[in-house]
Every structure is written in structure tokens, then in C-alpha cells.
Amino acid sequence: MTVSLPSDPPGARRLTGVVPELIAALGGASDRLAPARSAIVCVVDGLGAHNLRGRSGHARYLAAAMSKKDVVRTVFPTTTAAALTSLLTGTEPGTHGIVGYRAFVPDTGEVLNQLRGWDTHGLPVSWQRAAPLFGREAETGRPTFFVSKPEYTGTGFTEATLRGAVAVPAEDFSDRVDLAVDLAARHPGALIYLYTPELDGIGHRRGWESDEWTIGLEDVDAALARLGGALPDDVGAIITADHGMVDVPRHRHRLLVEGSPLLEGVAQIGGEPRMLHLYADPGAADAVADAWQAAESSHAWVFTRDQAVASGLFGEVDPVVRPRIGDVLVAARGTTAYYDDRDAERTGQQMVGQHGSLTDAERIVPFIRLGAFA
Numbered sequence: 162m163t164v165s166l167p168s169d170p171p172g173a174r175r176l177t178g179v180v181p182e183l184i185a186a187l188g189g190a191s192d193r194l195a196p197a198r199s200a201i202v203c204v205v206d207g208l209g210a211h212n213l214r215g216r217s218g219h220a221r222y223l224a225a226a227m228s229k230k231d232v233v234r235t236v237f238p239t240t241t242a243a244a245l246t247s248l249l250t251g252t253e254p255g256t257h258g259i260v261g262y263r264a265f266v267p268d269t270g271e272v273l274n275q276l277r278g279w280d281t282h283g284l285p286v287s288w289q290r291a292a293p294l295f296g297r298e299a300e301t302g303r304p305t306f307f308v309s310k311p312e313y314t315g316t317g318f319t320e321a322t323l324r325g326a327v328a329v330p331a332e333d334f335s336d337r338v339d340l341a342v343d344l345a346a347r348h349p350g351a352l353i354y355l356y357t358p359e360l361d362g363i364g365h366r367r368g369w370e371s372d373e374w375t376i377g378l379e380d381v382d383a384a385l386a387r388l389g390g391a392l393p394d395d396v397g398a399i400i401t402a403d404h405g406m407v408d409v410p411r412h413r414h415r416l417l418v419e420g421s422p423l424l425e426g427v428a429q430i431g432g433e434p435r436m437l438h439l440y441a442d443p444g445a446a447d448a449v450a451d452a453w454q455a456a457e458s459s460h461a462w463v464f465t466r467d468q469a470v471a472s473g474l475f476g477e478v479d480p481v482v483r484p485r486i487g488d489v490l491v492a493a494r495g496t497t498a499y500y501d502d503r504d505a506e507r508t509g510q511q512m513v514g515q516h517g518s519l520t521d522a523e524r525i526v527p528f529i530r531l532g533a534f535a
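With my numbering, the residue at position 262 of the sequence shown is 423, and numbering never jumps.
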């Protein structure tokens with residue numbers, strides 16, 4: 162089975178390089194960013210470059226600050242757990258090991274959530290295999306902070322990706338912006354992570370093309386305009402995202418029902434609706450791949466673990482990480498999503514805005530420079 166997979170242009174800026182660039186700028190050693198006394202990286206969860214351009218009239222500050230070249234490529238799969246870990250460690254999923262929203266844990270045989278499984282199922286901090294950049298910098302004496310919602314303080318995922326940084330929580334994003342500016346001004350040399358998940362949540366519930374999402378974008382734009390206006394001249398900020406988003410209407414759902422030939426030989430399903438990890442029964446991987454390729458190639462890229470590794474989609478894959486990846490992967494094209502209809506709750510089928518796959522709408526995110534970096 163052969164498949165042609167999308168690839169990044171040579172020299173494309175990667176999400177994995179964003180924080181290392183900021184650290185270099187703090188030392189006056191960046192080739193791409195001006196020197197800065199302190200630096201802020203702000204992640205607007207779910208704000209793809211396509212989404213921002215599509216609603217540019219409702220985000221005039223951010224749209225005016227983003228040129229056509231001011232973008233980065235996020236990692237595959239385009240899901241929060243993998244992308245934030247890559248941003249905060251500077252490594253690809255094949256190295257840090259967070260290869261999807263839900264992934265196989267070889268030691269237990271379970272497929273667990275990679276955002277909440279630390280707290281619900283006891284995933285060890287060492288499950289994330291790369292050293293967090295903020296912790297590394299803190300060990301050198303640099304002030305490092307993360308400014309986020311209170312509910313993320315002390316979670317397993319936060320510990321796995323941001324340990325060593327000081328938590329400064331606030332419920333409202335505008336308050337988080339003010340805190341980030343204050344920390345940057347009061348702590349020379351500081352590296353600050355500012356995070357807002359609100360827009361992503363609205364997108365999942367209502368879709369990014371909804372009026373609710375547009376209002377949420379206006380709120381984010383206003384808060385970040387305040388950030389840009391309040392930055393001291395020698396403090397730089399980068400606005401980026403973990404992934405973009407596509408809206409999936411119900412008639413584009415592909416349901417996997419009991420007795421479906423596509424479930425033959427499939428032991429477990431991981432990933433998420435736009436990027437499935439299919440974990441096959443022993444000896445069944447080739448048959449699963451062939452069945453999905455024959456039935457779904459017009460709706461998705463279907464490829465094997467070996468093909469994914471050979472293509473570099475996960476970056477260089479450590480042998481320990483390899484079995485966490487599905488035997489067969491199904492990355493949705495267009496506005497398709499796959500659901501296991503055997504799930505009695507079917508709550509996931511209520512989502513409108515989704516991500517995880519290989520489309521440019523999901524993979525290309527902003528890289529907006531403010532303050533000293535503008």
C-alpha cells in the first residue's frame with residue numbers, strides 16, 4: 162500500500178523552534194528575533210492562521226500584526242497534547258512521546274487520554290520523555306512563569322511540560338495578560354508562557370464559523386492589543402497557537418458501527434475523530450490498512466506506522482515511543498471526522514470545530530511579533 166502524504170516546505174518555521182528562539186533572543190543570540198530583556202510566548206489555543214485570516218475583520222489588531230510570512234507549522238498530529246508538549250520541550254512527538262489525544266500505553270494495554278490521563282489513570286511524569294525548556298532555564302537561574310487558568314495549576318500534564326516554572330493563575334484572560342506584562346517588567350531575563358484555551362472551547366462547541374467564536378476572537382484580539390500596547394520597549398512577545406480548526410457538519414461524520422468491516426482486526430482505537438490511531442490485533446495490521454485504504458482513501462489519508470515513521474511525520478521516533486503509535490493511522494481530509502458509534506455516550510459527536518489531521522487549516526498557525534520582536 163502506497164500513499165502520498167503532505168509535507169512541509171523546506172526551511173519552514175516549526176512550532177518546536179519558537180521557545181528556543183525566544184531563549185536565544187534573551188541572550189542576544191537569535192538570528193530571527195531582536196534582543197529582548199524579557200520574553201512572552203502566548204498560545205491562543207485553536208487559532209489557526211486560516212481561522213484568523215477568515216475573520217480578520219473581527220481581529221484587526223492581530224490581523225494587522227501578522228504578515229503572510231508570519232506563520233509556523235505545528236506538529237502532527239495537530240492536537241493540543243502533542244503540540245503544547247512540542248512547544249514547551251522543543252522536540253517532536255516521536256521524541257517526547259505524546260503522539261495523540263488518546264494513545265496506547267504498552268505497559269498497561271490501555272488507550273488513555275494524554276491531557277488528563279496523568280490525573281485520572283496515573284500516567285507518570287516520565288511518560289513525557291523530553292526535558293521541559295522552562296524547567297531547564299529555571300535551573301540556570303532564569304525567572305520562568307506560566308500564566309494560565311487556575312484549573313491547570315498542578316495537573317499532571319502541566320507538571321510534565323512546565324515543571325520548574327512558577328504558576329501565576331487567573332481566571333480571566335485579560336487579567337492573565339496584565340499579569341504577564343507585570344512579570345516581564347519586574348523580572349529582567351524572564352521567560353513567560355501565557356495561555357488562553359477559551360477560543361478553542363467555543364470552537365469545539367459551536368464551530369469557528371459561529372457568531373460565538375467571532376465574539377470570542379474579538380475578546381482575544383482586544384486583550385492582545387492591550388498586551389502589545391503595554392509591553393516595555395525591551396520586552397518581546399510572540400503570539401502563536403497549537404493548531405487550527407475546521408468545522409465538521411454532522412453529515413460529514415463517518416460512523417464506525419458494530420459489524421463494520423473497518424473494525425475487523427482492530428483491537429483498540431485511539432487518537433481523535435480527525436486522526437485515528439488504529440491498534441490492530443496481532444498479525445492483522447496489513448489487512449486493517451488495506452481495508453481502510455480501499456474504503457476511505459477519498460475521505461482520509463490512510464497509512465501505516467512504518468510509513469508515518471519513514472515520512473518523518475512524528476519527527477525522529479524513539480524505539481520506546483514507536484508502539485504508542487497506531488499500527489494504522491487515518492488522517493481525515495476536508496471536513497470529515499470518524500466516530501466509534503459503539504460508544505454509548507456519543508458525546509464527542511456533538512463537537513463542531515475539530516482538529517488533528519494534516520490539512521493546512523489545522524497545521525499552519527500564526528507567529529505574530531509584538532514589542533521588541535515587532
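Here a beta-carbon is modelled for each residue, glycine too, at the ideal position from N, C-alpha and C. None of the values given here were measured: they were computed from a predicted structure.
Gln-511 counts as exposed, since fewer than 16 other C-beta atoms from the protein chains shown sit within 10 angstroms of its C-beta. The shortest C-alpha to C-alpha distance from Leu-248 to any of Val-205, Ser-287, Arg-198 and Arg-221 is the one to Val-205. Nearest in C-alpha terms to Thr-520, of all of Ala-535, Ala-493 and Thr-508, is Ala-493. Separation of Arg-290 and Arg-485 (C-alpha to C-alpha, rounded to the nearest whole angstrom) is 13 Å. Inter-residue distance for Leu-276 and Leu-437 is about 16 Å (C-alpha atoms, whole angstroms).
In terms of Cβ geometry, Glu-433 and Thr-240 form a close pair [threshold 8 Å]. Counting only residues of its own chain and dropping the five nearest sequence neighbours on each side, His-414 has a CB closer than 7 Å to the CB of Ala-498, Tyr-500 and Gln-510.
One thing to note: Gly-325 has its Cβ no nearer than 8 Å to the Cβ of Ala-345. Counting the other Cβ atoms within 10 Å of the Cβ of Ile-353 gives 16 or more, which makes it buried.
Between Trp-453 and Val-491, the beta carbon gap of about 6 Å places them in contact (Cβ cut-off 8 Å).
For Ser-472, the enclosing alpha helix (DSSP H) stretches over residues 466-472.
Of Gly-397, Phe-265 and Gly-473, the smallest CA-CA separation from Val-481 is found for Phe-265. Cβ-Cβ distances below 7 Å link Thr-246 to His-257, Ile-259, Gln-289 and Thr-322 in the same chain, with the five nearest sequence neighbours on each side left out; the list follows chain order. When secondary structure is reduced to three states using DSSP, Tyr-313 falls in the helix class.
Taking Glu-359 as the centre and dropping the five residues before and after it, the same chain places the C-beta of Phe-334 and Gly-377 closer than 7 Å to its C-beta, in chain order. Exclusion of the five residues before and after Glu-523 leaves Thr-239, His-404, Gly-405 and His-516 as the residues of its chain whose Cβ lies within less than 6 Å of its Cβ. Taking C-beta atoms as the reference points, Gly-261 and Ala-244 fail to come closer than 8 Å.
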